[in-house]
Every structure is written in C-alpha cells, then in structure tokens.
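Below is one structure, written out as structure tokens; the observations come after it.
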Amino acid sequence: MTLPTTPPTASTAPEETSDLDTRDMMLNIGPAHPAMHGIVRIVATLEGETVKDTDVEIGYLHRGFEKMSEIVDYNGVIPYTDRLNYVSPLINNQGYCMAIEKLLGIEVPERCHYIRVIVSEISRIGDHLTCVGAGAMELGAFTVFLYMIKAREHLWELIEKVTGARLTVTYCRVGGVKADLPEGFAELCSEAFVETRKVLAESHTLLTRNRIFIDRMSGVGVISAEDAIAYGITGPFLRGSGVEYDVRKDCPYAVYDRLPFDVPVGTQGDNMDRYLVRMEEMEQSMRIVEAALSELPGGPVLTNPETGRPIPAAEMVDLAKMGDISPLSGGCAVVGPTLEGSGGSHYSSIAADHRQVLLPAKEDAYGNIEGLMRQFKLVMLGHGIKAPKGEVYFPVEGANGELGFYIVSDGAGSPYRVRVRPPCFAIMSALSKLLEGDMMADIVPTFGSVNMIGGELDR
Amino acid sequence: MTSDTLIAAVTERFPDGVTASHSYRGDATLVLKRESLLEVAAFIKDDPALQMNMLVDLSAVDYSAFGKSPVPAFFASSGVTLGPSLQIPDKDPWPGPPDAAARFAVVYHFYSISHKHRLRLVVPTPVVSGHGDSATAGEVDTLSELWPAANWLEREVWDMYGIRFRGHPDLRRILMYEEFEGHPLRKDYPVKRRQPLIGPLN
Chain L
1 MTLPTTPPTA STAPEETSDL DTRDMMLNIG PAHPAMHGIV RIVATLEGET
51 VKDTDVEIGY LHRGFEKMSE IVDYNGVIPY TDRLNYVSPL INNQGYCMAI
101 EKLLGIEVPE RCHYIRVIVS EISRIGDHLT CVGAGAMELG AFTVFLYMIK
151 AREHLWELIE KVTGARLTVT YCRVGGVKAD LPEGFAELCS EAFVETRKVL
201 AESHTLLTRN RIFIDRMSGV GVISAEDAIA YGITGPFLRG SGVEYDVRKD
251 CPYAVYDRLP FDVPVGTQGD NMDRYLVRME EMEQSMRIVE AALSELPGGP
301 VLTNPETGRP IPAAEMVDLA KMGDISPLSG GCAVVGPTLE GSGGSHYSSI
351 AADHRQVLLP AKEDAYGNIE GLMRQFKLVM LGHGIKAPKG EVYFPVEGAN
401 GELGFYIVSD GAGSPYRVRV RPPCFAIMSA LSKLLEGDMM ADIVPTFGSV
451 NMIGGELDR
Chain X
1001 MTSDTLIAAV TERFPDGVTA SHSYRGDATL VLKRESLLEV AAFIKDDPAL
1051 QMNMLVDLSA VDYSAFGKSP VPAFFASSGV TLGPSLQIPD KDPWPGPPDA
1101 AARFAVVYHF YSISHKHRLR LVVPTPVVSG HGDSATAGEV DTLSELWPAA
1151 NWLEREVWDM YGIRFRGHPD LRRILMYEEF EGHPLRKDYP VKRRQPLIGP
1201 LN
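Read top to bottom, the protein sequences are chains L and X. Quick note, in the numbering used here, the first sequence goes up one by one and the last residue is 459. Quick note, in the numbering used here, the second sequence goes up one by one and the last residue is 1202.
Okay, structure coming up:
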C-alpha cells in the first residue's frame, strides 16, 4: 500500500463544496404538531437551515360560523361567538352584541358598558397569559407556562363567578348582559390581580433578561410598520412594530374613552417587542379593570320603596292580591335562591329598557308568567328580534387585534349576513413574509407570537 | 373627516364611478361601478386627505335571497305582518341592496391610521352566465397589488362565493379543500348539503 504523494490541500475544499449540487428541502409542519397552537399546516422550503419560502394552509377548523349565523335568530348567534376566539370569548360577545345594538339603534345603560369592559379586560389578560406562556413553553421555559396558567386560573374563576361558565360564557345579550356582577366582586378581583401581578413579576424575572430567551426572540420575525399596516395587521402585533393603533383609543366604544390606560408600542417589530407589548398590556388591562370597578355606576336598585329591600316573591303576590301595586311597578321579585342571578338587585341598570329585544333574566323566565311569555316570544323563530333593514360594521379591540362584525339585515328574524373580521387572519396571511429568511428553529417563536386561534381564524 | 365629507371627497373625484352612497348608522358607504374599483382604491390609498392605508376587511354578500326569508307558519296563515322590533328613525335611511340587478356585492372596509376614519366600498357583481348554484359571477379586479392583505381575503371570497378576482396571483380555495363542490356561503347552497368526499349519513 502506498501513501498518496500529495495530501489533499485545504485550498481545494471550498471549491468542491461550492460545486456541490444543493437541493431545497421541503419540511412539512402540521396540521397536528406539538409546536402548533391550533391545527394549521406550514409547508416550508428550506435551504440548509434557512427558510426560503413557506406555504401556510389554514381551514382545518372551519365550522361554518357565518353560514350557521344566517339560520338562527339574533340571540342565537351569541353562543357561536364564544367559539370564535375561545380564549377570550367575552370580547367576541361584546363585539357581536354592540354590532347588533348599532344596527337596532339602541343604547345600553352605563353600568352595562362598565361590566362588559371589566369582563372583556379580564379575558384579554387571560388571552395574553396563554399566548406568552405557550410561546415561552415552546422555547423550553415550561415553568413560565405553568405559572401563567396558574394566574389564568385565578382570572377564569372570576369569569366563572360572573358568568357561570369558564369557557363558553354566552354572557352578553343584545341590549344588556345576562346577570349583574356578584356580591364582593371588587375584592375577589383585587385578590386575583395580586396573584396575577406576582406571576407577571416572576415571569419577567424568568424571561425578560434571560439570555436564551432574548437570543431566540430578539431580531426574529421582524416586520416593518409599513408592511404590518399593508397586511392589515392590528392589535399587539401591529403595536410591536411601533404603530400606536388601538381600537379602544382610536375609535373608542363602550366607556373606554373615560378609562385611563396607555398603549404600549415596540420599536423593532420583532418577537421580543411583541412579547414586551403583551406583558405591558396585561398591566394596562388590570389598570382599566381597577378604574372601572372604582367608578362603576350604581344605577337604580329595584327595591320596595317602603322597606328599602328587594321584594320577596311571596310578598309581591300578597301585595298584588291586596291591590297594592304601586311599590311593584318596575320592580322585580326575589325568587328561589338556587336561580342564577336572583340576588341581582341592579338588574334594571345592566340592560337596555327594550322589552322587544332583550331576553328576560333567568329568574323572570322561570319565576313569573310575564317573564316566561316574554322569553317564549323572543326565542320562537320569527317572533324574536327583527332588526331594521340595513348594514353596519362594528370593530372592537380583540386580544389579537381589531375584531369586526359586519352585519346585513333584511328585516327578518335572522341576520342576513354575519361577517367576522378575525384579527389573526391578517397576521397569518403575513406569516410567510415573517418567516422568510429566518432559520428553521425561528418558525416556533414567530408562530407563537402570532397567537393563532383556530376558532376565529377558520370560523 | 366625517362620513359626509368622505363621501363628498370621493364622489367629486369620480362622479361616474360612484353610483350611490349613504352613511347608515354613521358608516360612510360608497357603491362603485365594477370597472372603476381599481382607480378609486388607488386614489383613496394615496390621497393625502384620505390616506386609507389599511384594508381592514374584504368580504361579499349574496343578495339573491334578500327579503325572501320564509314567513313562520303562523304568520303565513294569519296574514299578520311583523315590522321591525324597534322603529328608531335614522337621519340617513338605508337605501337597500346596492344594485337590484347584481346578485353579489363585494364589500371592502378601509381604515386610515393617520386620520382615524373608516370607509366602506361596495362593488355590485352580477352573474354573467349560468344560474343557481352553478352561476358564474363577474370578475372583480384584485386589490392585492395595493394591499397585500387582499390576497387571502380575496381567496376567501372566491372560496365562499365563487367570485373571481382578475389578476390575483394565487386564487386557490383557503378554508375549504380543493375537492369541495360549490361555494358554501351562497344563499342557494343548502345548509345540510353533504359533500362527495364526506359521503352520505350512514
């Protein structure tokens, strides 16, 4: 055996590699993948580890929300809206109900607006906690995820106290809300916020100055302000790129124009900025809730003017039998303690005074014949709400951005067309652009910062 | 800009392109001729007084069943007609569907981040051939060159209504699969229709 006389020189090696025949590799991620928040498929074309191009396929969770809305009555759509963005269903409830109220031309009482704002902001915190927590978990920070879910649990308990449900709340009604805030809600709320603030402080300690986290998030998934606007991106994602657009500030609805809050904006438009914007927005949401609770208007309390307390049902019947109906006008009876909201002494101030559109309270529907008849008339198809002919568009600030409802009515008992403007649809349409040129491993944090919610994306 | 001045600004510039306008419930709305969509869109995007830099939403409405909802049985036999629940007057009443002769209407919602005003454009689109659920709708110009946001939104309108967009770079279905038959949000698509790939019940 003879040794080669000339050893291979280092200078030839680079030439050889440049002559190598390279091929793009196709990488399929999803539809069901542990790092995908919902069911979505990303087909990435890779050159080495660099993402050259991606094709994003959506539609796996399409349930025909818009088609179903056309065959039920106006109140019947509200449960479907819970399932749009199922992490913050109360904002969807509010958006839909306010769109219908705009179409009908009715105003709800101030207390109702305040209650809607309070529950919406609590939902928004829950949504951001989920997004940041899941995003951090995918980068290996499992502890943060657990902490954040713990905080969300405190908030969901609040939601459960108010609405009776954790996820599919169906709390708002056209012209009002289902029930008043429970007794001692402000104290419960401040307790939950103490816990949430603790978790946020812990998460800041764990993430914001964490070297691994910064390396994965900073400078990744960058989008300029112009591009973000051109793609129709709204919400924390747009604000991460430095555009100060928030529907609550720029087109104020409900009572946001009189509540104090700041709109945080980023500078780089990368994942880190979006993370910081979301963290700050949670703090701002808590500020809104605290301010709203402190100035929550009382409104007329339905009590017996002589005794100064709510009228028990038996006493009401006795009074009516005696022909003494003057203390009963406009009052409501306190019936069985097992019925939800029966302690709701504020009922008249949480709902508009429009009996033609507003579903009666549960205690009325179950407790007296007038309430039962009113409920029956409203839920029978063709007897319920009949909106005037027209079209309206109403935007609210969802957790992911502008959530708009475009409603067309032809005067019948069902909406003629219900179009939802889902905030994460626009962000997902820009995902190819966001991922292009980044590394393969960057798909995970960038996609996490989109906060894709299949329910609202695919409807 | 208020909705009235918005409408006036566009109508003055395109007296032939704008066929109708209203601001029902305060939403500034312009009904356009199909062929003038692109120039109006380019104008409202770049005009310094309008600066509609964000295409917020793009959808469509099928007006073929408008006002033809079946009357519940009781009312059909009694002859009683029900009006709207509430008779709240609006200073600017809704003039009705944009074009009686056009079955579809493509609806655009714009927002200006700098001026904080909104504008709705409605483009009526007639059926050019066929009828029923095999009807072919007339093509509308794509806005994806002006706003990349239109790309996916137009795919969704094609998917749901079967309206084609002239010049769209990639007009595929988006929420449904390629083998899906029909366009589900058309009014003549039955709610309970089964698709061939899904198969019959049992």
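Virtual Cβ for every residue (Gly too), placed ideally from N, Cα, C. A quick note: this is a predicted structure, and the numbers were derived from the prediction, not measured.
Test: residue i CB closer than 8 Å to a CB of chain X
| i | result |
| --- | --- |
| Met403/L | It should be noted that the sequence gives Leu, not Met, for residue 403/L. No - not a single Cβ of chain X is within 8 Å of the one on Leu403/L. |
| Glu160/L | no |
| Lys377/L | no |
| Cys251/L | yes |
| His346/L | Its pLDDT being 45, under 50, His346/L is placed unreliably in this model, and the value from its coordinates should be taken loosely. It does not: the Cβ of His346/L has no partner Cβ on chain X nearer than 8 Å. |
| Glu49/L | no |
| Val460/L | The shown model of chain L, from 1 to 459, leaves out residue 460/L, and the question about it has no answer. |
| Gly266/L | no |
| Asp24/L | no |
| Ile71/L | yes |
| Lys389/L | yes |
| Arg239/L | no |
| Thr446/L | no |
Beta-carbon neighbours of residue i, restricted to chain L and to distances below 8 Å
| i | result |
| --- | --- |
| Met1052/X | Near Met1052/X there are no residues of chain L at all, since even the closest Cβ is about 11 Å away, more than 8 Å. |
| Leu1201/X | Those within 8 Å of Leu1201/X in chain L number zero; the least Cβ separation is about 17 Å. |
| Gly1167/X | Per Cβ cutoff of 8 Å: no residues; Gly1167/X is ~17 Å from chain L at best. |
| Asp1141/X | Here the premise fails: no neighbours, minimum Cβ distance about 18 Å. |
Where residue i meets chain L, residues with beta-carbon distance less than 7 Å
| i | result |
| --- | --- |
| Pro1148/X | Ala230 and Tyr231 |
| Phe1066/X | Asp410 and Tyr416 |
| Pro1184/X | Gly64 and Lys67 |
| Leu1006/X | Going along chain L, no residue has its Cβ under 7 Å from Leu1006/X, so there is no contact; the nearest lies around 14 Å. |
| Val1018/X | The premise fails here: Val1018/X is roughly 17 Å from chain L at the closest Cβ pair, so nothing lies under 7 Å. |
| Val1061/X | Val408 and Arg417 |
Delimiting residues of the alpha helix (DSSP H) encompassing residue i
| i | result |
| --- | --- |
| Val194/L | Phe185 to Ser203 |
| Arg1013/X | Ser1003 to Arg1013 |
| Val379/L | Ile369 to Val379 |
| Met272/L | Asn271 to Ser294 |
| Ile427/L | Pro423 to Ser429 |
| Thr168/L | From DSSP, Thr168/L is part of no alpha helix (DSSP H); its letter is neither H nor E. |
| Asn1151/X | Ala1150 to Tyr1161 |
| Ile385/L | No alpha helix (DSSP H) holds Ile385/L; DSSP gives it neither H nor E. |
| His1117/X | From DSSP, His1117/X is part of no alpha helix (DSSP H); its letter is neither H nor E. |
| Asn93/L | Pro89 to Leu104 |
| Arg209/L | Neither: Arg209/L is in no alpha helix (DSSP H) and is coded neither H nor E. |
| Asp55/L | Per DSSP, Asp55/L belongs to no alpha helix (DSSP H); it is in the beta strand (DSSP E), Thr50 to Glu57. |
| Met68/L | Phe65 to Ser69 |
Residue span of the beta strand (DSSP E) that contains residue i, given as start and end
| i | result |
| --- | --- |
| Met1054/X | Met1054 to Asp1062 |
| Arg152/L | Here Arg152/L belongs to no beta strand (DSSP E); instead the alpha helix (DSSP H) covers Phe142 to Thr163. |
| Pro395/L | Gly390 to Glu397 |
Closer than 7 Å: residue i CB and nearest the ligand FMN heavy atom
| i | result |
| --- | --- |
| Arg23/L | This structure lacks the ligand FMN; in fact it carries no ligand of any kind. |
Residue-level contact to chain L via CB, residue i, 8 Å cutoff
| i | result |
| --- | --- |
| Met1001/X | no |
| Ile1174/X | yes |
| Trp1152/X | yes |
| Gly1138/X | no |
| Trp1158/X | no |
| Arg1193/X | no |
| Gly1096/X | yes |
| Ser1069/X | yes |
| Ser1144/X | no |
| Leu1037/X | no |
| Pro1057/X | With the sequence shown as reference, residue 1057/X is identified as Asp, and Pro is not the correct amino acid for it. So yes, Asp1057/X belongs to the interface. |
Interface residues of chain X facing residue i [CB-CB closer than 8 Å]
| i | result |
| --- | --- |
| Lys102/L | Arg1025 |
| Val392/L | Tyr1024, Arg1025 and Asp1027 |
Interface partners of residue i on chain X, CB under 7 Å
| i | result |
| --- | --- |
| Gly59/L | Ile1174, Leu1175 and Met1176 |
| Asp21/L | Per Cβ cutoff of 7 Å: no residues; Asp21/L is ~29 Å from chain X at best. |
Chain-ordered chain X contacts of residue i [CB-CB under 9 Å]
| i | result |
| --- | --- |
| Asp458/L | Leu1175 |
| Val243/L | Ile1113 |
query: Listed in chain order, which residues of the region 171 to 202 of chain L have Cβ atoms closer than 7 Å to some Cβ of chain X?
result: none
field: Chain-ordered residues of the region 402 to 430 of chain L with a beta carbon less than 8 Å from chain X
entry: Glu402, Gly404, Tyr406, Val408, Asp410, Gly411, Ala412, Gly413, Ser414, Tyr416, Arg417, Arg419, Arg421, Phe425, Ala426, Met428, Ser429 and Ala430
field: Interface residues of the region 1023 to 1034 of chain X facing chain L [CB-CB below 7 Å]
entry: Tyr1024, Arg1025 and Asp1027
task: Give the residues from the region 1110 to 1136 of chain X that approach chain L closer than 7 Å (Cβ to any Cβ), ordered along the chain.
output: Ile1113, Lys1116 and Arg1120
message: Taking beta-carbon pairs under 8 Å, can you tell me which members of the region 124 to 151 of chain L lie near chain X?
response: none
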